[in-house]
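Asks: One structure is given below, represented as structure tokens, and several questions about it will come after.
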């Protein structure tokens with residue numbers, strides 16, 4: 009079997025920075041309990057490793073006691089939650105991805121100026137919940153162009169369009185075109201989709217045209233990993249989304265002479281290497 013591995017597979021800048029901040033916290037000699045509020049990244053193996061190193065996973069801010077330390081996940085958190093933690097005497101370490109932080113501040117600036125936010129993203133994703141906390145009242149979240157098409161827009165109301173940082177850029181362009189047709193006065197679009205996301209998706213599309221099948225490695229809760237699989241499937245290439253080598257055991261991949269391999273932005277290189285070795289041995 010021939011395996012073609014994507015050049016950009018694995019950790020992005022934001023994930024790498026978040027993990028460096030958490031690692032530094034664990035090595036600073038401070039004996040206070042350390043918590044992450046929600047998974048710092050969407051990768052089960054990484055989370056298991058931090059649990060073994062003594063980091064507790066809290067799902068709500070109320071689970072984090074005063075006097076402890078809390079790391080803000082790479083996806084960001086709602087601004088009122090961060091304020092609550094600080095007011096209770098929790099030492100907060102902000103590991104929000106710089107691209108997500110930039111999106112938060114851009115949305116805050118535009119909505120403070122009176123615009124209503126139209127946000128292309130997953131309503132239940134932690135990044136989206138954080139972005140909405142900077143948007144003020146009247147924001148609308150949609151996952152597909154069709155959902156936005158069905159949503160009434162008031163002529164004369166100033167809107168602004170933004171996207172979850174890991175969203176599909178092609179879909180975002182379609183939404184911009186749809187809005188231009190609906191609202192002749194125009195809707196400004198914030199450039200909030202991360203360049204790393206765009207480059208990885210573009211590479212995945214090129215990879216899809218060169219292989220008989222693709223394997224995408226990453227946490228199944230990871231939005232950017234799922235979208236990598238979706239863009240490859242959209243090219244008509246059979247695609248497997250796996251979290252670990254165990255997901256490949258027992259699968260018959262022998263009909264495929266050439267397999268593409270890529271991974272989400274929160275997937276460690278060691279896991280990608282392991283899966284590549286497994287595929288090459290078939």
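Residue numbers (the numbering used here): 9 to 290. Here a beta-carbon is modelled for each residue, glycine too, at the ideal position from N, C-alpha and C.
1. Out of 223, 71, 110, state which residue places its alpha-carbon closest to the alpha-carbon of residue 285.
2. What would DSSP say about residue 20, mapped onto helix, strand or coil?
3. What residues are listed by DSSP as bridge partners for residue 39?
4. Since residue 150 and residue 128 are thought to touch, with beta carbons under 8 Å apart, how far apart are those beta carbons, to the nearest angstrom?
5. According to DSSP, is residue 48 part of a helix, a strand, or is it coil?
6. Between the region 50-67 and the region 29-36, can you find at least three pairs of beta-carbon atoms closer than 8 Å?
7. If you count every other CB in all the chains shown that lies within 10 Å of the CB of residue 159, and 16 or more means buried, which is it?
8. As an exercise, report each continuous beta strand (DSSP E) stretch of at least 3 residues that is fully enclosed by the region 68-118, in chain order.
9. Report the residue from 138, 288, 201 whose alpha carbon sits nearest the alpha carbon of residue 232.
10. Check whether the region 134-148 touches the region 202-213, counting contact only when three or more Cβ pairs, one atom from each stretch, lie closer than 8 Å.
11. CB-CB under 6 Å to residue 20, same chain, minus the five flanking residues each way: which ones, in chain order?
12. Is the beta carbon of residue 197 sitting closer than 7 Å to the one on residue 115?
13. With H, G and I counted as helix, E and B as strand and the rest as coil, what does DSSP make of residue 268?
14. Can you tell me whether residue 3 is helix, strand or coil according to DSSP?
15. Pick helix, strand or coil for residue 132, following the three-state DSSP scheme.
16. List the whole-angstrom C-beta distance separating residue 165 from residue 124, where the pair is believed to meet the contact cut-off of C-beta under 8 Å.
17. Does the beta-carbon of residue 12 have 16 or more other beta-carbons within 10 angstroms, so that it is buried, or is it exposed?
18. Per DSSP, residue 64 forms a beta bridge with which residues?
19. So residue 222 is in the alpha helix (DSSP H); what residue range does that whole segment cover?
20. Can you find the residues in the same chain that come closer than 7 Å, C-beta to C-beta, to residue 72, ignoring five residues on each side of it along the sequence?
21. From which residue to which residue does the alpha helix (DSSP H) around residue 287 run?
22. Short check: CB of residue 271 to CB of residue 240, under 7 Å?
23. Please name the residue in 256, 154, 153, 126 whose C-alpha comes closest to that of residue 142.
24. May I ask which residues mark the beginning and end of the alpha helix (DSSP H) holding residue 187?
25. Identify whether residue 152 lies in helix, strand or coil by the three-state DSSP scheme.
26. Drop a sphere of 10 angstroms on the beta-carbon of residue 8, count the other beta-carbons inside from all chains shown, and report buried for 16 or more, exposed for fewer.
Replies: Considering the structure as presented:
1. Residue 285 has its Cα closest to that of 223, out of 223, 71, 110.
2. coil
3. None, per the DSSP bridge assignment.
4. 6 Å
5. coil
6. yes
7. exposed
8. 77-80, 99-102
9. 201
10. no
11. 204, 273
12. no
13. strand
14. Coverage of the chain is limited to positions 9 through 290, which leaves residue 3 absent and any answer about it impossible.
15. coil
16. Yes, residue 165 and residue 124 are in contact; Cβ-Cβ is about 6 Å, under 8 Å.
17. exposed
18. 43
19. Taken as a continuous stretch (DSSP letters only), residue 222 belongs to no alpha helix (DSSP H), being part of the beta strand (DSSP E) at 221-225.
20. 43, 45, 66, 78, 93, 98
21. 277-288
22. Remark: C-beta atoms of residue 271 and residue 240 do not approach each other more closely than 7 Å.
23. 126
24. 177-190
25. coil
26. Here the chain covers residues 9 to 290 and nothing more, so residue 8 does not appear.
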